[in-house]
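Some notes on the structure that comes next.
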Amino acid sequence: MPHTSGEHSTRTVLVTGATGNVGPYAVRQLLEAGANVRALVLKDDPNLHRLPDGVELHYGDLADPDSVEAALPGVDGVFWMWPFFALSTATAPAVLERIAAHAGRVAVVSSVGVHLGIEPVDNNCHAYLEKLLEQTELEWTFLRTTGFMANALGFAPQIRTSGTVQFPYGDAVRTSVHESDLAAVGVRALTEDGHAGQKYLVTGPEALSQREQVQIIGDVLGRTLVWEDIHHDAARKAMVDTGWPPSYADGALDYFADLCVTPEPGSTVVADTTGRPARSFREWAVEHADAFR
Ligand SMILES: NC(=O)c1ccc[n+]([C@@H]2O[C@H](COP(=O)([O-])OP(=O)(O)OC[C@H]3O[C@@H](n4cnc5c(N)ncnc54)[C@H](OP(=O)(O)O)[C@@H]3O)[C@@H](O)[C@H]2O)c1
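In terms of full-length UniProt numbering, the sequence shown is residues 1 to 293.
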């Protein structure tokens, strides 16, 4: 049976998307916080090496709610991520029903797009997950994140080979967040009281244009990198060719165009909830420098 945790802190947490950009940080930080941690992973997941010792692996597929059920007995909280690129949200209601039958708390990775009211209207979006959660008795926390600093890894092949990044909207100003900081806010929401019902806008500490992010990567590498704006349509074709659903590519590129005019909003949620400053893009670039060499 679900329990609302009140003064009791969460002890057993299931992390979905555990081997992605955010999941390994969440798993590690939950272990450090003393929680029992379960990772929901696909069979034959090639990224299991990203997970630390001490986490329990549970094989399950969000496309198959019964397979998720097996990971849930004894779980207090769920760090919930939906892999939108790989999977529609058709099974999300059934997955959440099973979560709600066991857990008391959920921290869901959502998006700045919901904060800004610009998410697409169909159901394959973060706003839909939020709506489903609002219809439950769960203690939920929404992590409405800006773009991940890890998105800059998309520029790595161009940086490694030519040093010229060809992409549109170099002047788009973002408040990108370090994946570890996003995880940290979710971990607080699951292990401390006081975060239920919060719709957190989770951002990095600074506003930087895409061009400035690339300059910082160049500084860290000791190389001069060049940003070259290309046409929206050329980038859209390249994104769709590499697997982006067309509607997602359109949404992202239109958003970047808007960010050339109106910078992405920032918040102090990371510092306020974790008690430490949010990590800068330069810190992220130093940690990931080898990916660009
Ligand atoms: N990137 C951004 O800038 C951004 C901005 C706002 C919101 N978000 C949201 O952030 C969330 C987390 O993103 P992320 O970058 O950490 O994700 P990610 O790196 O793409 O990882 C997706 C994770 O889900 C797993 N997965 C894929 N299909 C699955 C399935 N059918 N059942 C169970 N697990 C499955 C993947 O496993 P494998 O390792 O086997 O592939 C991987 O662990 C997503 O909901 C995304 O929409 C991202």
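Cβ coordinates follow ideal geometry from the N, Cα and C atoms, glycine included.
Predicted model, so just to flag it, every value in this text is computed and none were measured.
Are there 16 or more other CB atoms within 10 angstroms of the CB of residue i, so buried, or fewer, so exposed?
{"i": "Pro205", "result": "buried"}
{"i": "Met1", "result": "Low local confidence applies: a pLDDT of 40 at Met1 is under 50, so the model's placement there is unreliable, and no value is given."}
{"i": "Thr273", "result": "buried"}
{"i": "Arg145", "result": "Here the sequence assigns Thr to residue 145, which means Arg is not the residue at that position. The residue is buried, with at least 16 neighbouring Cβ atoms inside 10 Å."}
{"i": "Ser180", "result": "buried"}
{"i": "His126", "result": "buried"}
{"i": "His3", "result": "Residue confidence for His3 is low, a pLDDT of 43 falling below 50, so the modelled location carries little weight and cannot support an answer."}
{"i": "Gln29", "result": "buried"}
{"i": "Pro168", "result": "buried"}
{"i": "Asp290", "result": "exposed"}
{"i": "His8", "result": "Since pLDDT at His8 reaches only 49, below the 50 mark, its modelled position is unreliable, and the value read off the structure follows with that caveat. Exposed, by the Cβ-count rule."}
{"i": "Thr164", "result": "exposed"}
{"i": "Gly6", "result": "Bear in mind that the predicted position of Gly6 carries a pLDDT of just 44, short of 50, making it unreliable; the figure below should be weighed with that in mind. Looking at its Cβ environment, which holds fewer than 16 other Cβ atoms inside 10 Å, Gly6 is exposed."}
Span of the alpha helix (DSSP H) holding residue i?
{"i": "Arg293", "result": "First-last for Arg293: undefined, no H or E at that position."}
{"i": "Ala100", "result": "Ala92 to Ala100"}
{"i": "residue 297", "result": "This structure does not reach residue 297, given that the chain is present from 1 up to 293, and the question cannot be answered."}
{"i": "Ser111", "result": "Unbroken run through Ser111 is the beta strand (DSSP E), Arg105 to Ser111; no alpha helix (DSSP H)."}
{"i": "Gly251", "result": "Pro246 to Leu259"}
{"i": "Gly23", "result": "Gly23 to Glu32"}
{"i": "Leu132", "result": "His126 to Glu134"}
{"i": "residue 294", "result": "Past the boundaries of the shown model lies residue 294; the chain is included only from 1 to 293, so the question cannot be answered."}
{"i": "Val270", "result": "Val269 to Thr274"}
With distances taken from CA atoms, which of the options is nearest residue i?
{"i": "Asp44", "options": "Asp53, Asp61 and Gly170", "result": "Asp61"}
{"i": "Gln166", "options": "Phe142, Leu143, Val226 and Leu201", "result": "Val226"}
{"i": "Pro52", "options": "Val41, Leu31 and Ala70", "result": "Leu31"}
{"i": "Gly218", "options": "Ala257, Arg160 and Ala238", "result": "Arg160"}
{"i": "Gly243", "options": "His126, Phe85 and Tyr169", "result": "Phe85"}
{"i": "Ser110", "options": "His231, Gly186 and Pro46", "result": "Gly186"}
{"i": "residue 294", "options": "Asp64, Gly74 and Asp76", "result": "This structure leaves residue 294 out entirely; the chain is present only between 1 and 293."}
{"i": "Ala152", "options": "Val78, Val95, Ile216 and Ala196", "result": "Ile216"}
{"i": "Ser280", "options": "Asp229, Asp76 and Val220", "result": "Val220"}
{"i": "Val261", "options": "Gly77, Ser209, Gly197 and Ala183", "result": "Ser209"}
{"i": "His232", "options": "Ala257, Arg276, Asn124 and Leu72", "result": "Ala257"}
{"i": "Ala278", "options": "Ala249, Val286 and Val269", "result": "Val269"}
{"i": "Leu138", "options": "His115, Arg174, Trp80 and Glu119", "result": "Trp80"}
{"i": "Ala271", "options": "Asp250, Glu97, His288 and Ala183", "result": "Ala183"}
{"i": "Val286", "options": "Gly77, Ala150 and Arg38", "result": "Ala150"}
Residue range of the beta strand (DSSP E) that residue i falls in?
{"i": "Asp210", "result": "With the sequence shown as reference, residue 210 is identified as Gln, and Asp is not the correct amino acid for it. Unbroken run through Gln210 is the alpha helix (DSSP H), Gln210 to Leu221; no beta strand (DSSP E)."}
{"i": "Tyr200", "result": "Lys199 to Val202"}
{"i": "Thr161", "result": "Where Thr161 is concerned, there is no enclosing beta strand (DSSP E), although the alpha helix (DSSP H) it sits in stretches over Ala156 to Thr161."}
{"i": "Thr164", "result": "Thr164 to Gln166"}
{"i": "His58", "result": "Glu56 to Tyr59"}
{"i": "Ala39", "result": "Asn36 to Val41"}
{"i": "Thr141", "result": "Glu139 to Thr145"}
{"i": "Val15", "result": "Thr12 to Val15"}
Which whole-angstrom value describes the C-beta separation of residue i and residue j, a residue pair presumed to lie in contact below a C-beta threshold of 8 Å?
{"i": "Val108", "j": "Leu87", "result": "15 Å between Cβ atoms; not a contact."}
{"i": "Pro24", "j": "Ala33", "result": "About 15 Å; that fails the 8 Å criterion."}
{"i": "Val202", "j": "Val177", "result": "6 Å"}
{"i": "Val106", "j": "Trp140", "result": "5 Å"}
{"i": "Asn21", "j": "Phe148", "result": "6 Å"}
{"i": "Ala113", "j": "Ala207", "result": "The question names Ala, but residue 113 in the sequence shown is Gly. Contact doesn't hold; Cβ gap of about 17 Å is too wide."}
{"i": "Ala172", "j": "Leu259", "result": "4 Å"}
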